[in-house]
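Peer 1: Handing you this structure, nothing more for now.
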Amino acid sequence: MKQPVSCEWNITNYCNLKCSFCSMNSEHYKDFENLNTIKIKEVAKKIKEVGCLYVSLSGGEPMSHPMFFDIIKELRKKNLEVTISTNGTLINSYNIKKLEKLKVKWIQISLHGNQANVNDKIMGKNVYNTIKKNIELIKQSNIGISVASVMTTENKISIKKLHEELKRENIPHIIRKQMLVGRAALIEKELNISKKIKIEKNNKRCGYFFAIAVNGDIQPCGEFKIKLGNIFKDNLVKIWKNNPMLRMCSKDSGCLAEIYENDESFRMQINETIKKF
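The sequence shown runs 1 to 277 under our numbering.
This is the structure:
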């Protein structure tokens with residue numbers, strides 16, 4: 001593509017939860033110093049220049065960042081549509097009103113079962129009830145909502161029931177095949193159940209977007225953590241147009257991020273390709 005449709009901007013690796021299958025493998029440290037007003041403006045400017053229409057704010061937990069609303073304001077100044085990928089625990093009526101005022105387009109919330117005992121075994125104690133309450137807050141607003149789940153052996157029945165409930169409420173539900181990276185790699189056998197289930201069929205966005213890591217590194221996506229350049233040091237337009245990795249990702253060849261993590265020879269080949277760029 002001549003220009004990307006969207007990008008995922010990881011504004012912090014910090015998260016207030018510690019989900020068992022998280023690909024981030026994040027520790028509970030705060031890295032908020034990576035962004036300040038000047039850097040936020042620079043990133044927003046470059047995202048706009050490369051041609052993006054949408055920006056998805058992610059983490060870690062993006063709503064934990066003290067400059068979360070400042071980041072959204074700067075993106076909206078550039079007429080960029082903003083979506084948020086969150087665990088949903090930090091949402092309240094006050095910040096929903098602020099997000100409405102900023103005309104945030106969509107919020108995607110994580111939920112991994114239709115019962116508290118199932119979901120909270122994955123996400124933590126009392127998380128289910130908090131998320132359910134906050135889903136209702138979003139439903140009462142002008143902001144779109146979707147729910148994202150990861151299927152494991154422990155929650156597969158509960159996920160199916162959750163899917164039926166959300167369908168009745170007309171809430172889009174994304175069931176993901178978990179990447180075996182980060183903490184997820186520690187429970188590989190448990191997560192292999194997703195191989196038997198058709199998940200995210202024909203939902204391949206590779207080649208249409210890129211990701212920005214918390215330190216400014218440009219990556220093919222949030223799961224494919226290879227450095228293609230840095231938004232603070234390199235020309236983003238040049239990276240998008242010329243980097244061979246982005247061209248490889250646009251081909252219908254399966255998930256390169258997962259292959260990269262699990263195939264040493266492929267990993268060496270990719271690393272050599274990046275060095276030549």
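Where a beta carbon is used, it is the ideal one built from N, C-alpha and C, also for glycine. Source: prediction; values computed, not measured.
I'd like to check one pair, D217 with N230: are the Cβ atoms closer than 7 Å?
Peer 2: In contact: N230 and D217 (Cβ atoms closer than 7 Å).
Peer 1: Work out the CA separation of S149 and I193 for me, nearest whole Å.
Peer 2: With a pLDDT of 45 at I193, under the threshold of 50, the modelled position of that residue is not reliable, and no figure is offered here.
Peer 1: Round the Cβ separation of I212 and N10 to the nearest angstrom and send it over; I've been treating them as touching at under 8 Å.
Peer 2: Confirmed, Cβ separation roughly 7 Å.
Peer 1: Just tell me which of F232, K225, L228 and N34 has its CA closest to the CA of F68.
Peer 2: Closest by alpha carbon: N34.
Peer 1: I need the boundaries of the beta strand (DSSP E) containing S58, first residue and last residue.
Peer 2: Taken as a continuous stretch (DSSP letters only), the beta strand (DSSP E) holding S58 covers Y54 to S58.
Peer 1: Is the segment 57–68 touching the segment 79–90 in the sense that three or more CB pairs, one from each, lie closer than 8 Å?
Peer 2: With the cut-off at 8 Å, the segment 79–90 and the segment 57–68 touch.
Peer 1: Does F209 pass the burial test, meaning 16 or more other C-beta atoms within 10 Å, or should it be called exposed?
Peer 2: Classification for F209: buried.
Peer 1: How close, in whole Å, do the beta carbons of N155 and I122 come, if the pair is a contact with beta carbons under 8 Å?
Peer 2: Between I122 and N155 the Cβ distance is about 7 Å, and since that is below 8 Å, they are a contact.
Peer 1: Could you tell me whether the Cβ atoms of E74 and I40 are closer together than 7 Å?
Peer 2: Their beta carbons are under 7 Å apart, which means E74 touches I40 by this criterion.
Peer 1: So, for K167: in the same chain, excluding its five sequence neighbours on each side, which residues have a beta-carbon less than 8 Å away from its beta-carbon?
Peer 2: Closer than 8 Å at the Cβ level, and outside the excluded window around K167, lie H173.
Peer 1: Could you round the C-beta distance between V50 and P4 to whole angstroms and report it? I think they count as a contact, below 8 Å.
Peer 2: Sure, about 6 Å apart at Cβ, within 8 Å.
Peer 1: DSSP three-state label for V43, please.
Peer 2: V43: helix per DSSP, three-state reduction.
Peer 1: Decide if V237 is buried, meaning its Cβ has at least 16 other Cβ atoms within 10 Å, or exposed.
Peer 2: Classification of V237: exposed, given that the 10 Å Cβ count is below 16.
Peer 1: Applying the criterion that 16 or more other CB atoms from any shown protein chain within 10 Å of the CB defines a buried residue, is E223 buried or exposed?
Peer 2: So E223 ends up on the buried side.
Peer 1: Considering E74, what are the terminal residues of the alpha helix (DSSP H) in which it resides?
Peer 2: Run containing E74: F68 to K77, per the alpha helix (DSSP H) assignment.
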